[in-house]
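Novice:
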Amino acid sequence: MATKVQSSLRLAGQGSSGPVVLSPVERELVCAVLDDAVHQLAVLGGIMPDYASSAAAVEHVMGDELLQILEEQKRMDRQIRKVSSPGALRETARGITTAAETARSAKSVAENMSKLQEDRGHLERVERCRKRVSELKKQLVEVKRSKEKELSELNETIAHLKDQLQELKAKTGLEEKFIKKSTQATVEIVQHRLDNSVTGLEGSNQGLEQKLRREGS
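Take a look at the structure:
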C-alpha cells in the first residue's frame with residue numbers, strides 16, 4: 001500500500017513545482033497508510049523501545065521505505081495544513097471572487113462596448129440625416145431664390161409690356177384722331193371745291209341760256 005501511495009505522490013508531483021493537490025480517494029489512501037504506519041510504529045515501540053528512540057534503528061528495522069513514508073507524512077501534513085488554513089481558504093475564495101468579478105467586468109465591458117458601437121452607429125446615422133436635411137434646406141432656399149428672381153423678372157416684363165400697350169393705345173388713339181380730322185378736312189376741302197365748281201357751272205349754264213335766248217329772238 002505504501003508503494004501505491006508513493007507512486008501516486010510521484011505522479012501527482014511530476015510536472016508541477018507547486019503544492020501537490022490530492023483527490024479525495026488519494027487522501028483516504030494516504031490516511032489509511034499513515035494510520036497503518038503509526039500502528040506499526042506503536043507495536044514496534046512496545047516490542048523494541050530502544051529502536052524506536054533512534055532513527056538509525058528505525059532505518060535498520062523498517063528500511064528506507066518507512067522513512068520515506070514518514071517524510072511524505074510530514075510533507076503531506078504541512079501541505080494539508082497549508083491548504084486547509086483559513087488564510088489559504090480566504091485567499092482561494094478571494095481569487096475566485098476576483099475571477100468572477102473580472103469575468104463580470106469583462107462581460108460588462110463587452111456589453112458596454114457593444115452598446116457604444118450601437119450608439120455610435122445611431123449617432124452617425126443621425127448626423128448623416130442632419131447633414132442631408134441641411135443640404136436639402138440649402139437647396140430649397142436656392143430654388144426659392146431662383147423662383148423669386150424669375151417671378152420678379154416676369155412681373156417686370158409684364159409691367160413693361162403693359163406700359164408699351166398703354167403707349168401703343170395712346171399713340172393709336174392720337175393717330176385715329178389725326179386721321180379722322182385729316183379726312184374730315186380733306187372731305188370739306190373737296191366738298192368746297194365741288195360746290196364752287198357746281199356754282200361756276202351753273203353760272204356758265206345760265207349765261208349760255210341767256211345768250212341762246214337772245215340769239216333766238
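FYI, in UniProt numbering the residues of the sequence shown are 1 to 217.
By construction, the Cβ of each residue, glycine as well, lies at the ideal position given by its N, Cα and C atoms.
1. Given Glu215, which residues of its chain have a CB within under 7 Å of its CB, disregarding the five upstream and five downstream residues?
2. What does the alpha-carbon distance come out to for the pair Gln184 and Thr157?
3. Decide if Met113 is buried, meaning its Cβ has at least 16 other Cβ atoms within 10 Å, or exposed.
4. Alpha carbon to alpha carbon, what distance is there between Arg75 and Arg104?
5. With a threshold of 16 other CB atoms inside 10 Å of the CB of Ile179, please say whether the residue is buried or exposed.
6. Determine the direct distance from the alpha carbon of Lys181 to that of Lys169, and round the result to whole angstroms.
7. Can you tell me the Cα-Cα spacing of Val133 and Glu150, whole angstroms?
8. Nearest-angstrom Cα distance between Val141 and Gln164?
Specialist: Looking at the coordinates:
1. none
2. 40 Å
3. exposed
4. 38 Å
5. exposed
6. 18 Å
7. 25 Å
8. 34 Å
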